[in-house]
DNA sequence: ACAGAAAGTTGCCGTCGTCAACCAATTCTC
DNA sequence: GAGAATTGGTTGACGACGGCAACTTTCTGT
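Protein chains in written order, with UniProt numbering: chain E, 1 to 155; chain A, 1 to 155.
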């Protein structure tokens with residue numbers, strides 16, 4: 001029956017919503033721990049951005065607005081925070097006088113590497129029993145979910 | 001080589017972290033839209049709790065502290081908000097004079113049902129191309145992930 | 001009966017994102 | 001090429017939200 005398929009779909013969506021709700025609350029703690037491991041004064045929200053800058057090379061702040069889908073103002077503040085801590089460097093974009101390019105500083109890279117090493121050593125505490133393939137599949141699903149969320153609400 | 005396995009595992013973990021970071025930012029908007037659909041003044045955080053009370057029958061506030069892993073105080077405020085809006089009812093627990101049991105009010109149920117129906121009708125806007133099985137698998141992964149996060153940090 | 005422990009409430013505070021106003025540099029347009 | 005619209009970024013005001021701690025009330029254990 002169509003209704004059954006629809007029903008289970010609906011249930012899956014509801015379950016998904018609940019799990020996401022739990023996630024966004026629990027993850028705060030984990031990110032908090034990890035950010036403190038990188039730098040005592042590093043705020044959780046800034047850690048995620050630092051991590052992204054580290055992965056995706058020099059980029060401008062506005063690029064992160066798109067990725068994280070948050071306000072320019074919020075990005076600006078987090079970036080300032082990261083600069084204050086000496087974790088990233090800001091340099092003018094040679095191709096556009098308005099823009100600035102962000103790079104993780106040497107200290108920032110060292111700190112991130114150290115934390116990554118710690119995490120690798122213990123195969124990440126809590127997820128140790130997840131096979132790499134499942135982790136990848138999970139990350140891929142998350143990405144797809146995020147992409148779906150990225151579609152403008154006014155379709 | 002072990003190192004390669006470890007490396008890809010580490011990469012998967014980093015990717016996972018980034019995706020989760022994006023998720024927790026984007027999801028805010030979606031939850032925000034949905035909560036407003038239920039009630040104009042319903043705050044996003046309260047919507048998730050309302051939804052949980054609706055699924056998991058009469059329960060006490062402290063039960064949600066465990067589920068969502070947040071402070072008693074935060075729960076108390078959200079619950080008060082939900083009561084102010086007339087979306088849930090609070091009744092003393094007959095088995096424990098300290099506790100109160102929360103139930104979604106008739107109005108609350110009606111509003112949730114209406115929103116659920118809307119969501120079902122359009123097979124949830126953005127996730128329409130996800131088969132139910134994948135959605136379920138995704139939700140299951142999320143649950144497992146959440147469970148892993150739930151393990152106390154001090155192992 | 002008395003010392004905890006558990007359920008909630010409340011105030012204070014820090015984090016964080018949005019909105020809007022604003023500046024500077026760039027691009028578009030006639 | 002001057003003026004308008006656009007884009008990158010900063011800042012301030014504000015609201016949502018959770019953590020912590022103090023406190024009340026109601027069990028529970030011995």
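Quick reminder that beta carbons are idealized off the backbone N, C-alpha and C, glycines included.
Bridge partners for residue i per DSSP, in chain order?
i: residue 91 of chain E; result: E/101
i: residue 59 of chain A; result: A/102
By how many angstroms is the C-alpha of residue j removed from the C-alpha of residue i?
i: residue 24 of chain E; j: residue 146 of chain E; result: 14 Å
i: residue 18 of chain A; j: residue 48 of chain E; result: 7 Å
i: residue 204 of chain E; j: residue 14 of chain E; result: Missing from the structure shown is residue 204 of chain E; chain E here goes from 1 to 155 and no further.
i: residue 133 of chain A; j: residue 10 of chain E; result: 12 Å
i: residue 153 of chain E; j: residue 58 of chain E; result: Confidence at residue 153 of chain E is low in this model, with a pLDDT of 42, below 50, so its placement is unreliable and the value that follows should be read with caution. Computed Cα separation, rounded: 30 Å.
i: residue 107 of chain E; j: residue 46 of chain E; result: 16 Å
i: residue 86 of chain A; j: residue 74 of chain A; result: 19 Å
i: residue 105 of chain E; j: residue 38 of chain E; result: 13 Å
i: residue 72 of chain A; j: residue 102 of chain A; result: 15 Å
i: residue 127 of chain E; j: residue 56 of chain A; result: 28 Å
i: residue 120 of chain A; j: residue 109 of chain A; result: 16 Å
i: residue 135 of chain E; j: residue 30 of chain A; result: 25 Å
i: residue 140 of chain E; j: residue 141 of chain A; result: 12 Å
i: residue 32 of chain E; j: residue 26 of chain A; result: 19 Å
i: residue 116 of chain E; j: residue 54 of chain E; result: 12 Å
What residues in its chain sit with their C-beta under 8 Å from that of residue i, if we drop five residues either side in the sequence?
i: residue 43 of chain E; result: 35, 78 and 81
i: residue 83 of chain E; result: 89 and 90
i: residue 51 of chain E; result: 112
i: residue 100 of chain A; result: 60, 61, 90, 91, 92 and 93
i: residue 118 of chain E; result: 37
i: residue 167 of chain E; result: In the structure as shown, chain E begins at 1 and stops at 155. Residue 167 of chain E is therefore absent and cannot be evaluated.
Over what stretch of residues does the alpha helix (DSSP H) that includes residue i continue unbroken?
i: residue 156 of chain A; result: Residue 156 of chain A is absent from the structure shown; chain A starts at 1 and stops at 155.
Beta-carbon within less than 6 Å of residue i's beta-carbon, same chain only, minus the 5 sequence neighbours each way: which residues are those?
i: residue 155 of chain A; result: Residue confidence is low: residue 155 of chain A scores 34 on pLDDT, short of 50, so the model does not pin down where it sits. No coordinate-derived value is stated.
i: residue 138 of chain A; result: none
Going along the chain, which residues of its own chain have a beta-carbon closer than 7 Å to the beta-carbon of residue i, five neighbours each way excluded?
i: residue 64 of chain A; result: 49, 52 and 75
Any heavy atom of the ligand MN within a distance shorter than 6 Å of the CB on residue i?
i: residue 37 of chain E; result: This structure lacks the ligand MN; in fact it carries no ligand of any kind.
- Query: Going along the stretch 59-93 of chain E in order, which residues come within less than 7 Å of chain A, judged by CB to CB distance?
  - Reply: 67, 68, 69 and 70
- Message: Please identify, using Cβ separations under 9 Å, the residues of the stretch 7-24 of chain E that lie next to chain A, in order along the chain.
- Response: 7, 8, 9, 10, 11, 12, 13, 14, 15, 16, 17, 18, 19, 20, 21, 22, 23 and 24
- Task: Using a Cβ-Cβ cut-off of less than 7 Å, list which residues of the stretch 38-50 of chain E approach chain A; keep chain order.
- Result: 48
- Return the residues of the stretch 127-143 of chain A that lie within a Cβ-Cβ distance of less than 7 Å from chain E, sorted by chain order. 127, 132, 135, 136, 138, 139, 141, 142 and 143
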